[in-house]
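Visitor: Please see the structure below; I have some questions.
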Amino acid sequence: MKNLILLLFLTSISLPSFSQNNSLPEGFVHLKEVIPDIVIDLRYAGNNNFTGKPLPGYNSLEVITTKQAALALSKVQQELELQGYCLKIFDAYRPQRAVDQFMEWARKPEDTIMKKAFYPSVKKENLFELGYIATKSGHSRGSTLDLTIIDINSGEEMDMGSSYDFFGEISHLNTSQITDDQRNNRKLLKAVMSKYGFRSYSEEWWHFTLRNEPFPNTYFDFVIE
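Dropping the structure here:
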């Protein structure tokens, strides 16, 4: 009976509406227009990231995605809210200039101010080789998201076993270094994201890309504002 009620609720949901913002390329939206109650912690717009400083192209705390990704994510949010949870998003569309800045940062071995918090067991010079930093990012195509789940009442993040953007094996989706509760939290996030069309990334529990993304070969560089 409970499952039937849930099914009826989900099938009766109308898709969110949004206006076309002329400052965005065709096919993109500000996520808050589609999911007003999503929690935003846009890490690369501030200092709490592995570089220790805001990245170029992040001119505001607006989260931008493709329309298709936003609409799919709204279904994720609606289902999680029925279970007492909510999405918290760390990053979505990422300008190519920000990715370029990652590469510049990686070439400065002396700049390790955030090493203890984000990559304590990894040598900075190995970040390229290990795949933590690349010259291109799926985020720049607009349909890749970094996110987690929070308790809808307390606002506390669910314990996933490692923090966002932590470089190490413990952040791998199926690592053996986490507890059963932490693993179950990751499974919940992966299951609901997969249900609505997102594929996961094995080395980062927070990273998801929309299947059949609309711009699979285009890396955008417009600023976030």
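Mapping the sequence shown onto the numbering used here, position 60 (from 1) lands on 60, and the numbers just tick up by one.
Even for Gly, the Cβ is constructed at its ideal location relative to N, Cα and C.
For my contact list, Met103 and Thr135 are in at a C-beta cut-off of 8 Å; report their separation, rounded to the angstrom.
Guide: 6 Å
Visitor: In angstroms with no decimal places, state the Cα-to-Cα distance between Asp111 and Trp105.
Guide: The alpha-carbon atoms of Asp111 and Trp105 are separated by roughly 7 Å.
Visitor: With a 10 Å radius around its C-beta and 16 neighbouring C-beta atoms as the bar for buried, classify Glu26 as buried or exposed.
Guide: Residue burial annotation: Glu26 is exposed, with fewer than 16 other C-beta atoms found within 10 angstroms of its C-beta.
Visitor: From the DSSP secondary-structure annotation, give me the bridge partner or partners of Asp151.
Guide: Bridge partners of Asp151 according to DSSP: Tyr85.
Visitor: What is the DSSP secondary structure of Arg107, counted as helix, strand or coil?
Guide: coil
Visitor: By DSSP's criteria, Arg199 is part of a beta bridge. Which residues make up the other side?
Guide: Thr209
Visitor: CA-CA distance, Leu147 and Lys75?
Guide: 15 Å
Visitor: Using three-state DSSP, classify Tyr58 as helix, strand or coil.
Guide: strand
Visitor: Does DSSP put Val29 in a helix, in a strand, or in coil?
Guide: Here Val29 sits in strand by DSSP.
Visitor: Compute the distance between the beta-carbons of Asp159 and Phe118, then report whether it is under 8 Å.
Guide: no
Visitor: What three-state label does DSSP hand Val63 in the structure shown?
Guide: coil
Visitor: For the alpha helix (DSSP H) containing Ala45, name the first residue and the last one.
Guide: Premise fails: Ala45 is in no alpha helix (DSSP H) and is neither H nor E.
Visitor: Do you know how far the Cα of Gln77 is from the Cα of Val39?
Guide: Each residue's alpha carbon lies about 11 Å from the other.
Visitor: Who does Asp146 pair with in a DSSP beta bridge?
Guide: Asp91, His207
Visitor: Return the bridge partner residues of Val39 from the DSSP annotation.
Guide: By DSSP's assignment, Val39 forms a beta bridge with Lys88.
Visitor: With the cut-off set at 8 Å, would you say Glu213 and Arg97 are in Cβ contact?
Guide: no
Visitor: Using only the alpha-carbon positions, how far apart do Gly52 and Lys116 sit?
Guide: 11 Å
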